[in-house]
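Visitor: Take this structure first; my questions come after.
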Amino acid sequence: DSGVTQTPKHLITATGQRVTLRCSPRSGDLSVYWYQQSLDQGLQFLIQYYNGEERAKGNILERFSAQQFPDLHSELNLSSLELGDSALYFCASSVVGGFGSPLHFGNGTRLTVT
Amino acid sequence: AQSVTQLDSHVSVSEGTPVLLRCNYSSSYSPSLFWYVQHPNKGLQLLLKYTSAATLVKGINGFEAEFKKSETSFHLTKPSAHMSDAAEYFCVVSDEGGGSQGNLIFGKGTKLSVKP
Numbered sequence: 601d602s603g604v605t606q607t608p609k610h611l612i613t614a615t616g617q618r619v620t621l622r623c624s625p626r627s628g629d630l631s632v633y634w635y636q637q638s639l640d641q642g643l644q645f646l647i648q649y650y651n652g653e654e655r656a657k658g659n660i661l662e663r664f665s666a667q668q669f670p671d672l673h674s675e676l677n678l679s680s681l682e683l684g685d686s687a688l689y690f691c692a693s694s695v696v697g698g699f700g701s702p703l704h705f706g707n708g709t710r711l712t713v714t
Numbered sequence: 156a157q158s159v160t161q162l163d164s165h166v167s168v169s170e171g172t173p174v175l176l177r178c179n180y181s182s183s184y185s186p187s188l189f190w191y192v193q194h195p196n197k198g199l200q201l202l203l204k205y206t207s208a209a210t211l212v213k214g215i216n217g218f219e220a221e222f223k224k225s226e227t228s229f230h231l232t233k234p235s236a237h238m239s240d241a242a243e244y245f246c247v248v249s250d251e252g253g254g255s256q257g258n259l260i261f262g263k264g265t266k267l268s269v270k271p
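Protein sequence lines, in the order shown, are assigned to chains A and B. Residue numbers for the first sequence follow our numbering, so the first one is 601 and each next one is one higher. Residue numbers for the second sequence follow our numbering, so the first one is 156 and each next one is one higher.
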């Protein structure tokens, strides 16, 4: 058990809808990362937060947004969903979020857009 | 810029035989390197980490990796494969710039199959 909790485990929704994915990092970890994993794109980095502030941005669409709250949990909001957004979304956390920090991953949220 | 290449997308071994998963990296400085494993429908789990101490790094479940600077390689090995080792393995290099990849650059993964 990595100590990173993601909810829900599965999500099925229709195109055009909006969903929110939630992540609780390991106790003591200040940095949260979001990744998208699909069969054709592999593991794609979306965004990183450190202690409530955005630290790095990857291939995150404008329809997607995220935030990290004062209690350090994070939410990833996906809107105007398209079929191609169907994927596994992972949250990971690390203590400091800098060079050399290993990440601890949650078990992911599987999003299916129909 | 940092990058990582996993040389095989799929490796198949028989149970009890050695495992070799190959990884090459490029980096303009002394990198931190990692191997992660992902079992089906699970998150990624850290197997081992290299951070410029010993060049031979021992990880969990009997895996180890050797950092070879002259060859820019960080291959993952295990003397004897178990059925439970069947999974996807990711080689990862730490990105000092923390830019568009965040802090870590992931390889495309190697799927390991273990035959009975």
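We put the beta carbon where it would ideally sit given N, CA and C, even for glycine.
Quick check on the burial criterion: 16 or more other C-beta atoms within 10 angstroms. Buried or exposed for A156(B)?
Guide: In the second sequence, the residue the question calls residue 156(B) occupies position 1. Exposed, because fewer than 16 other Cβ atoms sit within 10 Å of the Cβ of A156(B).
Visitor: Please identify the residue among G708(A), Q636(A), R710(A), S602(A) whose C-alpha is closest to the C-alpha of L123(B).
Guide: Nothing about residue 123(B) can be read from this structure; chain B reaches only from 156 to 271.
Visitor: Name the one or two DSSP bridge partners that K213(B) has.
Guide: As a first step, residue 213(B) must be located in the second sequence, where it is residue number 58. E219(B).
Visitor: Please work out which residues of its chain come closer than 6 Å, Cβ to Cβ, to G261(B), disregarding the five sequence neighbours upstream and downstream, and give them in chain order.
Guide: By 1-based counting over the second sequence, the position of residue 261(B) is 106. At residue 261(B) the sequence reads Phe, which differs from the Gly that was named. Excluding positions up to five away in sequence, the list reads F245, V247.
Visitor: Could you compute how far the alpha carbon of C178(B) sits from the alpha carbon of V159(B)?
Guide: Locating residue 178(B) in the second sequence gives position 23, counting from the first residue. Locating residue 159(B) in the second sequence gives position 4, counting from the first residue. Approximately 7 Å, taken between the alpha carbons.
Visitor: Taking Cβ positions only, does F218(B) come closer than 7 Å to chain A?
Guide: Sequence index remark: in the second sequence, residue 218(B) carries index 63 (1-based). At a cut-off of 7 Å between beta carbons, F218(B) makes no contact with chain A.
Visitor: Give the secondary structure of G599(A) by DSSP, where H, G and I count as helix, E and B as strand, and everything else as coil.
Guide: The structure shown does not extend to residue 599(A), since chain A is modelled only from 601 to 714, so the question has no answer here.
Visitor: Mind checking whether Y650(A) and L630(A) have CB atoms under 7 Å apart?
Guide: Against the first sequence, residue 650(A) aligns to sequence position 50. Against the first sequence, residue 630(A) aligns to sequence position 30. It is a contact, given that the beta carbons lie within the stated cut-off.
Visitor: State the DSSP-derived secondary structure class of S602(A), mapped to helix, strand or coil.
Guide: Residue 602(A) sits at position 2 when you count from the first residue of the first sequence. Here S602(A) sits in coil by DSSP.
Visitor: Between the stretch 667 to 674 of chain A and the stretch 626 to 645 of chain A, do three or more beta carbon pairs fall short of 8 Å?
Guide: yes
Visitor: Under three-state DSSP, which class holds S239(B)?
Guide: Your numbering for residue 239(B) matches position 84 in the second sequence. Note: S239(B) maps to helix in three-state DSSP.
Visitor: Check whether the Cβ of P702(A) lies closer than 7 Å to any Cβ atom in chain B.
Guide: Taking the first sequence and counting its residues from 1, one reaches residue 702(A) at position 102. Yes, its Cβ sits closer than 7 Å to a Cβ of chain B.
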